[in-house]
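Colleague: The structure under discussion is supplied below as structure tokens; questions concerning it will follow.
There are 2 protein chains.
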Amino acid sequence: MPTPVCIIGGTGALGFGLALRLAQSDTEVVIGSRDGGRAEEAAARARALVPGGVFTGLHNSEAAAGAEIAVLTVPFRSQSETLTNLKGTLHDGQLLLDATVPLAAAVSGKATRSLGVWQGSAAQQAQEMVPAGVRVVSALHTISAALLTDLDHRLDEDVLVCGDRREDKARIAELVERIPGLRAVDCGRLEMARIVEQLTPLLISINVRHKTHAGIKITGLGGDDHAGDRPARR
Amino acid sequence: MPTPVCIIGGTGALGFGLALRLAQSDTEVVIGSRDGGRAEEAAARARALVPGGVFTGLHNSEAAAGAEIAVLTVPFRSQSETLTNLKGTLHDGQLLLDATVPLAAAVSGKATRSLGVWQGSAAQQAQEMVPAGVRVVSALHTISAALLTDLDHRLDEDVLVCGDRREDKARIAELVERIPGLRAVDCGRLEMARIVEQLTPLLISINVRHKTHAGIKITGLGGDDHAGDRPARR
Chain A
145 MPTPVCIIGG TGALGFGLAL RLAQSDTEVV IGSRDGGRAE EAAARARALV
195 PGGVFTGLHN SEAAAGAEIA VLTVPFRSQS ETLTNLKGTL HDGQLLLDAT
245 VPLAAAVSGK ATRSLGVWQG SAAQQAQEMV PAGVRVVSAL HTISAALLTD
295 LDHRLDEDVL VCGDRREDKA RIAELVERIP GLRAVDCGRL EMARIVEQLT
345 PLLISINVRH KTHAGIKITG LGGDDHAGDR PARR
Chain B
145 MPTPVCIIGG TGALGFGLAL RLAQSDTEVV IGSRDGGRAE EAAARARALV
195 PGGVFTGLHN SEAAAGAEIA VLTVPFRSQS ETLTNLKGTL HDGQLLLDAT
245 VPLAAAVSGK ATRSLGVWQG SAAQQAQEMV PAGVRVVSAL HTISAALLTD
295 LDHRLDEDVL VCGDRREDKA RIAELVERIP GLRAVDCGRL EMARIVEQLT
345 PLLISINVRH KTHAGIKITG LGGDDHAGDR PARR
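Read top to bottom, the protein sequences are chains A and B. Following my numbering, the numbering of the first sequence begins with 145 at its first residue and continues without gaps. Following my numbering, the numbering of the second sequence begins with 145 at its first residue and continues without gaps.
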């Protein structure tokens, strides 16, 4: 069995879509919420959408306690508070996949603009806040929650991954690539999240103009380029 | 005949590659340099590489004077000085395609990091510096100079375009799309250059890890997605 995953903020659009897609790929998912009842409701909805999927709904702190990999998909407005609340729960050896994006929408600004984060990025803020021994990897910023949740949509895009340890990024890449149509691309150290987190407001700006749910692909990595001529990697 | 183009800094790697590719698509190219002699040399080299291509080498200020579209491909270190020198030359009605990227390399920092620009982006700095009536569009940050210059390489990637007027962006899109394999994507207002300029250090970080010349594609715009199933747009 693949490693189970806990999704902190799993009742939100991105977290819920991710839960569905991972369950479709035989991953056991714990949906966390600051409201245990809402987590249970989301798990029930997920079970109805992915028959055979294994979902549990728990309060964030219970959800995070047992997780090897916890995914943080809360809005930026709640990131700091959520991590403060998890200080007694998260522990040495856990991997935190942070998907937080500091959209200016967090302070009633535009979703096509971002906020400056003192540490440089939301992911670096997360790394500063988690207990010692918890490592943060940043990813999933460019994946549309709407497309993740639309299980009839065939995904075909990249997930940009930033982190300070290769082995952590490899584990996150393995997790991401359980979902057909997603390819993980190592973008370098965690500080590169300063750039990757900015891709969300960029894609939102593109979405507004092109009435779509845009994503990103990196060209030049072989396999998926010139997909018209060559067999695709998957 | 397509509108001729002047490339300020056309002796540099990006400008020279762009000159070659545009000439291959029947565009007359004026290569500008702060050294008129070097501009002439570059034009001679370009003629040898693209037989039939029409290249002129001129000092930047002569090159820019007659151009409807001037492309600025100088390093960030030289952007401000170059625009100061062109204050008496650029004039109302011209379009400046700014490709400048504020890499930290400009001040001996890493090419995977960027500098903060007071105006928000190099493109916005350019807009502040040009004479009244000159409009700035930002683009071409994610195109590898090496791949542009390698005329045997088949390009297949997107060019992200930011600007405040739709008609200006449409003209730049037409220019970019003269080059086979490049698709222009409207990313919104000029301020979005704050994000798009950051893609260069991101791609450099990816290049280091993956030993490639990475580029960007936006998914979800139709046509080019799922190129394995559907005919490509071009």
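The beta-carbon is built from N, C-alpha and C at its ideal position, and this holds for glycine as well.
#1: Excluding five sequence neighbours on each side, which residues of the same chain lie with their C-beta closer than 7 Å to the C-beta of Asn351 (chain A)?
#2: Residues of chain A with CB under 9 Å from His285 (chain B), in chain order?
#3: Kindly list, in the order they appear in chain A, the residues whose Cβ is closer than 7 Å to that of Pro345 (chain B).
#4: The beta strand (DSSP E) with Thr363 (chain B) in it runs from where to where?
#5: How many angstroms separate the CA atom of Gly159 (chain B) from the CA atom of Ile152 (chain B)?
#6: Since Leu334 (chain B) and Val278 (chain B) are thought to touch, with beta carbons under 8 Å apart, how far apart are those beta carbons, to the nearest angstrom?
#7: Could you tell me the alpha carbon to alpha carbon distance between Pro148 (chain B) and Gly197 (chain B), rounded to whole angstroms?
#8: Tell me the DSSP bridge mates of Ala214 (chain B)?
#9: To the nearest angstrom, report how far apart Glu301 (chain A) and Ile360 (chain A) are at their CA atoms.
#10: Could you check what DSSP says for His354 (chain A) in three-state terms: helix, strand or coil?
#11: Quick check: is the beta carbon of Ser265 (chain A) nearer than 8 Å to any beta carbon in chain B?
#12: Is the number of C-beta pairs between the region 230-249 of chain B and the region 180-189 of chain B that are closer than 8 Å three or more?
#13: What are the boundary residues of the beta strand (DSSP E) that Leu234 (chain B) is part of?
#14: Closest to Ser222 (chain A) by C-alpha separation, out of A:Ala270, A:Asp294, A:Arg315 and A:Gly325, would be which residue?
#15: According to DSSP, is Gly197 (chain A) part of a helix, a strand, or is it coil?
#16: So with Cβ pairs under 8 Å, would you call Gly359 (chain B) a contact of chain A?
#17: I need the straight-line Cα distance from Pro195 (chain B) to Glu341 (chain A), nearest angstrom please.
#18: When the distance is taken between beta carbons, is Ala337 (chain B) closer than 8 Å to Ser288 (chain B)?
#19: Which residue wins for smallest C-alpha separation from Ala190 (chain A), given the options A:Val261, A:Arg165, A:Arg322 and A:Ala214?
#20: From Arg298 (chain A) to Asn204 (chain B), what distance separates their C-alpha atoms?
#21: Just confirm the distance between the C-beta atoms of Gly332 (chain A) and Ser349 (chain B), as a whole number of angstroms; I'd bet it's less than 8 Å.
#22: Cβ of Val251 (chain B) less than 8 Å from any chain A Cβ?
Modeller: This is what the structure holds:
#1: Position 207 of the first sequence, counting from 1, holds the residue named residue 351 (chain A). The answer, listed in chain order, is His357 and Ala358.
#2: Working through the second sequence from its first residue, we reach residue 285 (chain B) at position 141. Residues of chain A passing the Cβ test: none, with the nearest at roughly 12 Å.
#3: Within the second sequence, residue 345 (chain B) is the residue found at index 201, counting from 1. The answer, in chain order, is Ile339.
#4: In the second sequence, residue 363 (chain B) corresponds to position 219, counting from 1. Counting along the chain, the beta strand (DSSP E) containing Thr363 (chain B) begins and ends at Gly359 to Thr363.
#5: Residue mapping note: residue 159 (chain B) aligns to position 15 of the second sequence, counting from 1. Residue mapping note: residue 152 (chain B) aligns to position 8 of the second sequence, counting from 1. Between Gly159 (chain B) and Ile152 (chain B), the C-alpha separation is close to 8 Å.
#6: Within the second sequence, residue 334 (chain B) is the residue found at index 190, counting from 1. Within the second sequence, residue 278 (chain B) is the residue found at index 134, counting from 1. No, Leu334 (chain B) and Val278 (chain B) are not in contact; Cβ-Cβ is about 13 Å, not under 8 Å.
#7: On the second sequence, residue 148 (chain B) is found 4 positions in, with the first residue counted as 1. On the second sequence, residue 197 (chain B) is found 53 positions in, with the first residue counted as 1. The alpha-carbon atoms of Pro148 (chain B) and Gly197 (chain B) are separated by roughly 12 Å.
#8: The count along the second sequence starts at 1 and reaches residue 214 (chain B) at position 70. According to DSSP, Ala214 (chain B) bridges with B:Cys150 and B:Leu240.
#9: As a first step, residue 301 (chain A) is located in the first sequence; it is residue number 157 there, counting from the start. As a first step, residue 360 (chain A) is located in the first sequence; it is residue number 216 there, counting from the start. About 6 Å.
#10: Position 210 of the first sequence, counting from 1, holds the residue named residue 354 (chain A). If DSSP states are grouped into helix, strand and coil, His354 (chain A) belongs with the helices.
#11: Walking along the first sequence from the start, residue 265 (chain A) turns up at place 121. False, the Cβ-Cβ gap to chain B never drops below 8 Å.
#12: no
#13: Reading the second sequence from its first residue, position 90 is the one you call residue 234 (chain B). Leu234 (chain B) -> no beta strand (DSSP E), and no H or E assigned at all.
#14: Locating residue 222 (chain A) in the first sequence gives position 78, counting from the first residue. Taking only the C-alpha atoms, the option nearest Ser222 (chain A) is A:Ala270.
#15: Start at 1 with the first residue of the first sequence, and residue 197 (chain A) comes out as number 53. Gly197 (chain A) falls in the coil class under three-state DSSP.
#16: Working through the second sequence from its first residue, we reach residue 359 (chain B) at position 215. Answer yes: the Cβ-Cβ gap between Gly359 (chain B) and chain A drops below 8 Å somewhere.
#17: If you number the second sequence from 1, residue 195 (chain B) lands on position 51. If you number the first sequence from 1, residue 341 (chain A) lands on position 197. When rounded, the distance between both Cα atoms is 44 Å.
#18: Mapped onto the second sequence, residue 288 (chain B) falls at position 144. Mapped onto the second sequence, residue 337 (chain B) falls at position 193. No.
#19: By one-based count along the first sequence, residue 190 (chain A) stands at place 46. Looking at the Cα atoms, A:Arg165 is the closest of the given residues.
#20: Taking the first residue of the first sequence as 1, we reach residue 298 (chain A) at position 154. Taking the first residue of the second sequence as 1, we reach residue 204 (chain B) at position 60. Near 49 Å, if we compare the C-alpha coordinates of Asn204 (chain B) and Arg298 (chain A).
#21: Taking the first sequence and counting its residues from 1, one reaches residue 332 (chain A) at position 188. Taking the second sequence and counting its residues from 1, one reaches residue 349 (chain B) at position 205. Indeed, because the Cβ distance is near 4 Å, the residues count as touching under 8 Å.
#22: The sequence position of residue 251 (chain B) within the second sequence is 107, counting from 1. Not closer than 8 Å to any Cβ of chain A, the Cβ of Val251 (chain B) fails to qualify, so no.
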